[in-house]
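Here is the structure we will look at, set down as structure tokens.
In the UniProt record's numbering, the protein residues as written are 1 to 567.
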């Protein structure tokens, strides 16, 4: 149809109208690709994951654990050693005859990241060690880039402030972490065990720490130097006597390398059970019976009993760090003696120990003795063992048997002695006599009462009340929640790292939160206490999602390090 009027719009023109009309390039301008905007919906998932990633970092005296919140175990567990502290191009491991040279000269300090005694600790070296370990963990194990991510730091509440300041400076300056949540090791162990209160016994490398937690709050913390380092030194003294017959090492050289001594400790160390445990469990009538003897020829040798053969058995240990390499024979009985002398020390009187040198069982008993009665009753059935030394064969059962025996002998009296024992025995005898007299008097009174009731006529008021059937039915279907108290029981925990991962995944507020801007401005001494709050600055604060967030000055006016600031 021809005509000057406008015809209907074609379909291809309506589709083409969606796109913008092409622009004519001006003369003299270089050709370029037009900008293209990509919706955030179709962007890379790495950008979304980086915003949601929450790193969990646990730092000990000899290890670093790192992973993502929500995982059941860390993805990286790294330790520090002399081989990891060498420079690039150091090929001494591949030189003939020098493979074990540096390890012989290296002591236990070369395998530690930091120590509790800061008088001989170089904080700059601690900074460099942690920096290398964390970069290795993030780049090789976690496979993440250098983008800033929030982090949760799991530390012991007794960590010195210089060490805490070094760790926070590393995360804020080296890794550009925007915010760090501080979490206590004992509290996270309680969370990983599925309870709210308990007694955490951390048998670590540097020391053994006993912490009582009540409703996720630390009540009391006691420490002893009897830990993995103490056990390693005692085992090394035994090996040195066998190898060299010398009291002390030569300057700068060990008789057995630290790595081999620790390997022997991890493989062969075991704890002997309590000596009188079997006799306590057997009835008295069975202990008086004679053992059955099998008839045999007198010319034949008497077979060894299993317990004697166990104590006489020896282990062949090859040592490659000695010069020359050799194989020694070490009995399991001597290894058990090293464990007993380290953690229990039965040959020394309890009054001779220092406050920081108590054996483990006495440390636990004194810790429970100093707790309030209600806290003690809740913590006794929720005892949790953590740390590397808690994996020694038989040590948990031995500790619990020792503590139970002390409680049965002494009770919960804070004073001990001969006169106290005599007065206690006299009180027990008087109490038993009074109980016997009260029982006899109540028995005679009940007999007289029954005779009087039998002589009286029965009435409606004296008849027994009939129970409500509806209330009885409801009581049968009502759950009976009984809380265990006052008895010893051990629980299993997944560890402080798993507890911190669970807490962070559930978005539970941490004990203390440190912001990067505040830390760079004020440092460790900027943490204030509630009585140091500026009233004028507090009036200018504004409320946000996290409480008092920012004031007119652009920074927090009050923040705290929690329990770490009280050290």
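A virtual CB, placed ideally from N, CA and C, is assigned to each residue, including glycine.
To the nearest angstrom, how far is the alpha carbon of residue 318 from that of residue 332?
15 Å
Rounded to whole angstroms, what is the Cα-Cα separation between residue 139 and residue 371?
45 Å
Is the distance from the Cβ of residue 363 to the Cβ of residue 244 below 8 Å?
no
If you drop the 5 nearest sequence neighbours on each side, which residues of the same chain put their C-beta closer than 7 Å to that of residue 369?
412, 414
If we count Cβ pairs, one from each stretch, closer than 8 Å, do we get three or more for the segment 156–169 versus the segment 468–484?
no
For a test of the three-state rule: what should DSSP assign to residue 561, helix, strand or coil?
coil
Please confirm whether residue 360 and residue 488 have their CB atoms less than 8 Å apart.
no
Provide the residue span of the beta strand (DSSP E) that contains residue 203, from first to last.
198–203
Report the rounded CA-to-CA distance for residue 500 versus residue 237, giving the unit in angstroms.
38 Å
Suppose you measure from the CA of residue 131 to the CA of residue 86; what does that come to, to the nearest Å?
15 Å
I need the boundaries of the alpha helix (DSSP H) containing residue 242, first residue and last residue.
228–243
From residue 417 to residue 388, what distance separates their C-alpha atoms?
36 Å
Inter-residue CB distance, residue 133 and residue 200 (contact presumed, cutoff 8 Å):
That pair is no contact at about 25 Å.
Would you call the segment 196–216 and the segment 513–530 in contact, with 3 or more CB pairs under 8 Å?
no
Under DSSP, the alpha helix (DSSP H) around residue 265 begins and ends at which residues?
258–268
Identify the continuous beta strand (DSSP E) that holds residue 220 and give its terminal residues.
217–224
Could you check whether the Cβ of residue 274 sits closer than 7 Å to any heavy atom belonging to the ligand GTP?
By its list of ligands, the structure shown contains no ligand whatsoever, and the ligand GTP lies outside what it can speak to.
Is the distance from the Cβ of residue 153 to the Cβ of residue 190 below 8 Å?
no
Straight-line CA distance for residue 380 to residue 192?
18 Å
Beta-ladder partner(s) of residue 383, from DSSP
199, 490
Got a sec, what are the start and stop residues for the alpha helix (DSSP H) residue 405 sits in?
395–410
For residue 152, the first and last residue of its enclosing beta strand (DSSP E):
150–155
Pair every Cβ in the segment 500–515 with every Cβ in the segment 64–84, then say whether three or more of these pairs are closer than 8 Å.
yes
By how many angstroms is the C-alpha of residue 407 removed from the C-alpha of residue 141?
47 Å
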